[in-house]
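In what follows, a structure is listed as structure tokens, so that the remarks can point back to it.
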Amino acid sequence: MDVFAQVEQRLFRQSAGSKRYEVEHGTEATDPDARWLALLMHAAFFLLLGASLARFLLRHPGEDRTPWIIALSVALAALYLLGPALGSRPTPRRLARLGVLVAVWMVLVVLAPSFAWCAVPLFYTGLRLLPPRAAFALVALLTVFVVAAQLRLAHGFDPNLVLAPPAVAATATAVFVHMQRQAVRQRELIDDLLRTRRELAATERREGTLAERQRLSMEIHDTLAQGLSSQQMLLQAADRTWDADPATARRHVRTATGIAERNLAEARRFVHDLAPADLAAGGGLEAALHALAARETAQAQGLFTVRCHVEGTAHAALPDRVQSALLRIAQGALANVREHADATEAALTLTHLDDRTVLDIADNGRGFTPPAPAVTRGSHTPAPTAPRPASGVRGHGLPAMRARLHQLGGTLTIESAPGEGTVVSAEVPLSAPSSSPAPSPSPSPSPSPEEPS
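When we follow my numbering, the leftmost residue of the sequence shown carries the number 1, and every step to the right adds one.
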């Protein structure tokens, strides 16, 4: 399972689990601030209840109503613990207990007005459990009882006692409603974020799949396809000369066998980690290019010679992606020369500069007129994309080279003219990006005579 799938499933589990737990236990289960506020209100209720009971016992010792006050206080605390204090989901049982709780509180306020202070936590409990209209009605009812209780304690009319409790209740209600709406908006934003992250993960996974598919097609083209093409040419040549020149035919077969062995090594390495076999053998890009030149020369049996030169010294080891890309480009260009250019000599020149590395593949073949957007005679306009041939299965060589260099931030330059040979120059900056996605394919004109198959 890839990383994007794991992220998507983890986000889905987190989102689904949080929603399910919130439905079962209320918003306090997922909102730490709401949980702390609930705990504070619960503590305030019992503190105010205890303070009101203590005040009554101190102010009215030995009265006949004292046992009733104590019993109702204990009943109020029990109802609060068994009902609203246990959660915020408005179940029928909790709503019924809330109604009984408010009724007991009202009786207490009638018997002892000092218990009116317990209305503040009850405001919060009603707003948390009830729908908005029912909650507002409950707040208004509790406020009326608070005003009446304060006027009884004052033994006279006091405008402040009439206006202050409604103002406090309205302010507390407005703050609580605002907090609830903010929490709803926050949950919606989190849900949108989770959904966007899932969509982004799916999109990146699709783009990564397409980029990897294109990269694999280029790897197969530069290794197995080229080797099979060479084997086909050699076996066809052996078939034509088998009766007239058996020795030459056998030599072609032995060369094809060597190419098959090389392809087998490439295939095994391809399956293992997609690294070129020459680079996997050690020695770096320079050794791999020398080995490639020697192998191409030996396979040509004196008809084609490849030389390799290295100019300058690399200040640091080239990244594996850069080495692999340049080696694949050299392989593709030499296969192009071997099949189409009718050349007798070719040269691989690797140049290490301060800010870039350049690989030139030059031949003395028949040349051609480079197709757009390739560069002619010193022009240096890179091709931004990796076009595919309009029809058929050949002509992938130059687009594959452009695609490899585009991924590395490099450029491909082709200098050629009919009868004057060809120079393919691949330039990679040392600060090139290492993880750019492969460019999207686009249509291109038919391949040129020297474009690799």
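Glycine residues also receive a C-beta, built at the ideal position from the N, C-alpha and C atoms. Just so you know, these numbers come straight off a predicted model, no measurement behind them.
Local Cβ density within 10 Å of residue i, reported as buried at 16 or more and exposed below that
i: LEU348; result: buried
i: HIS221; result: buried
i: THR369; result: exposed
i: TRP36; result: exposed
i: GLU311; result: exposed
i: ARG167; result: In the sequence under discussion, the amino acid at residue 167 is Ala, which differs from the Arg named in the question. So ALA167 counts as exposed.
i: PHE454; result: Lying before the first or after the last residue shown, residue 454 is absent from the chain, which here runs from 1 to 453.
i: GLU97; result: Here residue 97 turns out to be Arg, not Glu, going by the sequence shown. Under this definition ARG97 is a buried residue.
i: LEU264; result: exposed
i: LEU326; result: buried
i: ALA341; result: buried
i: THR203; result: exposed
i: VAL175; result: exposed
i: ARG94; result: buried
i: ARG240; result: exposed
i: VAL109; result: buried
i: PRO165; result: buried
i: VAL102; result: buried
i: THR173; result: buried
Option nearest residue i by Cα separation, candidates the options
i: THR297; options: PRO319, ALA314 and VAL337; result: VAL337
i: ALA462; options: ARG240, ALA256, VAL358 and ALA362; result: Outside the displayed range of the chain (1 to 453) lies residue 462, so it cannot be described from this structure.
i: ALA287; options: LEU235, ALA267, CYS308 and GLN299; result: CYS308
i: ASP360; options: PRO131, GLN331 and LEU151; result: GLN331
i: ARG251; options: LEU285, MET233 and TRP105; result: MET233
i: ALA71; options: THR91, LEU49, PRO92 and ARG59; result: LEU49
i: LEU225; options: THR66, PRO92, ARG328 and VAL100; result: Looking at the sequence itself, residue 225 is Ala, so the reference to Leu does not match. It is ARG328.
i: GLU63; options: ALA112, HIS406, ALA38 and ALA43; result: ALA112
i: GLY92; options: PRO319, PRO131, HIS290 and ALA169; result: The question names Gly, but residue 92 is Pro in the sequence shown. Here the closest residue by C-alpha is PRO131.
i: ALA267; options: GLY284, THR223, MET106 and LEU39; result: THR223
i: THR171; options: ALA134, ALA149, LEU430 and THR143; result: THR143
i: GLY410; options: PRO418, VAL358, ARG198 and GLU420; result: VAL358
i: GLU261; options: LEU334, ARG295 and ALA249; result: ARG295
i: SER416; options: MET401, LEU430, ASN364 and GLU427; result: ASN364
i: ARG321; options: GLN299, THR257, LEU408 and ALA403; result: LEU408
For residue i, three-class secondary structure by DSSP
i: PRO316; result: The sequence shown places Ala at residue 316, not Pro. Looking at ALA316 - three-state DSSP - the assignment turns out to be coil, as it is neither helix nor strand.
i: LEU408; result: coil
i: ALA417; result: coil
i: HIS290; result: helix
i: HIS42; result: helix
i: GLU311; result: strand
i: SER217; result: helix
i: SER425; result: strand
i: THR223; result: helix
i: THR305; result: strand
i: ARG65; result: coil
i: GLY283; result: coil
i: PHE368; result: coil
i: LEU129; result: helix
i: ALA112; result: coil
i: LEU49; result: helix
i: SER73; result: helix
i: LEU430; result: coil
i: THR209; result: helix
i: THR143; result: helix
i: THR91; result: coil
Distance, residue j Cα to residue i Cα
i: SER52; j: ASP192; result: 47 Å
i: ALA314; j: ALA237; result: 42 Å
i: LEU398; j: SER425; result: 11 Å
i: THR305; j: ALA346; result: 6 Å
i: ARG366; j: GLY302; result: 19 Å
i: PHE56; j: ALA116; result: 12 Å
i: PHE145; j: MET179; result: 26 Å
i: LEU216; j: GLY227; result: 16 Å
i: HIS60; j: ALA154; result: 16 Å
i: LEU129; j: LEU58; result: 35 Å
i: PRO371; j: ILE259; result: 31 Å
i: VAL100; j: LEU82; result: 11 Å
i: ALA316; j: ASP354; result: 10 Å
i: PRO121; j: LEU194; result: 35 Å
i: LEU412; j: ARG213; result: 22 Å
i: LEU466; j: GLU207; result: Absent from the model: residue 466. The displayed extent of the chain is 1 to 453, so no value can be given.
i: LYS19; j: ARG152; result: For LYS19, the predicted model reports a pLDDT of 41, less than 50, meaning its position is unreliable; a value from the coordinates is still stated below. Their Cα atoms are separated by approximately 47 Å.
i: SER230; j: LEU350; result: 25 Å
i: VAL107; j: TYR80; result: 15 Å
i: ALA43; j: ALA201; result: 45 Å
i: GLN299; j: THR255; result: 6 Å
Distance cut-off 8 Å: residue i Cβ against heavy atoms of the ligand MG
i: ALA346; result: Questions concerning the ligand MG fall outside what the structure shown contains, since it holds no ligand whatsoever.
Kindly provide the ranges of any beta strand (DSSP E) runs that are 3 or more residues long and lie completely inside the segment 230-268, ordered along the chain.
-> none
Every unbroken beta strand (DSSP E) within the segment 341-366, with a cutoff of 3 residues, ordered by chain = 345-352 and 356-363
Considering only residues of the segment 145-195, which uninterrupted alpha helix (DSSP H) runs meet the minimum length of 4 residues and lie entirely inside it, listed in chain order?
-> none
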